[in-house]
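Here the working numbering = 1-based position in the sequence shown + 269. Beta carbons: idealized from backbone N, C-alpha and C, even for Gly.
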Amino acid sequence: MDIVFQRPETLRENTTHYCPGCTHGIIHRQVAEVLDELGLRERTVGVAPVGCSVLAYNYFNCDFVEAAHGRAPAMATGIKRSRPDLIVFTYQGDGDLASIGMGEIVHAANRGEKICVIFVNNAIYGMTGGQMAPTTMPGQITTTSPKGRDVNEVGYPLRMSELLSSLRTPAFIVRTAVHTPKGMIETKNYIREAFQNQVDNKCFSLVEVLSTCPTNWGLNPNKATEWVEKNMVPYYPLKVFKRPGEEI
């Protein structure tokens, strides 16, 4: 019998620590499939963040390092500049990238570092108990905004793809989502494009992925995917914001 679906070589056979319904696992698999398909595993180094995916190195069958909170782009920069032959990517959540790591990601993008950034946006701090994040939606209830995010007090959610795409430096910036089958297919294609950019030594690449957090949203997995479509997609539009050599 022909095998038509199996675990990617770049994905370890470990039991997940992610909550039921969390879409980190989908994104992990997509990254692993792309590394397999492009034949990059043996020269790839991933950089894990602080957050729900702090244990990402347990799941990827490639070299991995752990960065201090928010510093993954800085560590990736050092690795890539010292070993330009390597394929280097960071895998970061919204708290890690858009809060304490804001300075790191902006300057890495502005310098045009030839790295890939997988940015998972689930609008909340997942690992530490569901606090309000820089990406938390207006009116969204969290443990630190029990009455909902008040934009008059704390401002609006940060749109990181829009912010980074405003930089003059050439880059590949896209926002996608994995709450639908169509979105999953598109996301993998964008991840492949990001890694191909690095293979071709083109530009900094960031793939922002809207993801679910059923546990901290207080929803079941099905309702969580509906919440993404109803609440996140209108505020965080899914599109390619920037490609090297293109004005979008």
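Going straight from the alpha carbon of residue i to that of residue j, what length do you get?
i      : j      : result
Ser434 : Ala377 : 13 Å
Cys321 : Gly399 : 11 Å
Ile296 : Val447 : 8 Å
Lys492 : Cys291 : 12 Å
Glu498 : Arg444 : 14 Å
Ala345 : Phe464 : 14 Å
Ala341 : Asp363 : 13 Å
Cys331 : Arg310 : 6 Å
Ser351 : Met429 : 28 Å
Cys482 : Asp305 : 28 Å
Glu462 : Val323 : 25 Å
Ala317 : Pro415 : 30 Å
Cys385 : Asp365 : 16 Å
Phe600 : Thr438 : Because the chain is modelled from 270 through 517, residue 600 falls outside the range shown and cannot be assessed.
Gly452 : Asn421 : 33 Å
Cβ atoms of residue j and residue i: under 8 Å apart, would you say?
i      : j      : result
Gly408 : Gly417 : yes
Glu335 : Phe473 : no
Val303 : Lys457 : yes
Arg312 : Asp271 : no
Ala325 : Tyr360 : yes
Asn390 : Ser480 : yes
Ile369 : Gly339 : yes
Val375 : Ile348 : no
Sort out for me which residues DSSP pairs residue i with in a bridge.
i      : result
Thr313 : Ile356
Asn421 : DSSP output for Asn421 lists no bridge partner at all.
Glu477 : Phe388, Arg444
Asp332 : Val314
Determine the closest residue to residue i out of the options, with distance taken between C-alpha atoms.
i      : options                        : result
Pro490 : Asn283, Tyr287, Pro277, Ala343 : Tyr287
Gln299 : Glu495, Val478, Val497, Lys499 : Val478
Gly487 : Glu431, Leu475, Ile393         : Ile393
Val468 : Thr279, Asn283, Phe358, Pro415 : Phe358
Ile412 : Thr397, Asn421, Pro426         : For the sequence presented, residue 412 should be read as Thr rather than Ile. The shortest Cα separation from Thr412 among Thr397, Asn421, Pro426 belongs to Thr397.
Met406 : Trp496, Ile374, Asn327, Thr484 : Trp496
How many whole angstroms separate the CB atoms of residue i and residue j, which I take to be in contact at a CB cut-off of 8 Å?
i      : j      : result
Pro513 : Lys471 : 5 Å
Phe329 : Arg281 : 7 Å
Ile442 : Lys511 : 4 Å
Thr404 : Ala343 : With a Cβ gap of about 21 Å, Thr404 and Ala343 do not count as contacting.
Thr284 : Ala301 : In fact, because the Cβ distance is near 16 Å, the residues do not count as touching under 8 Å.
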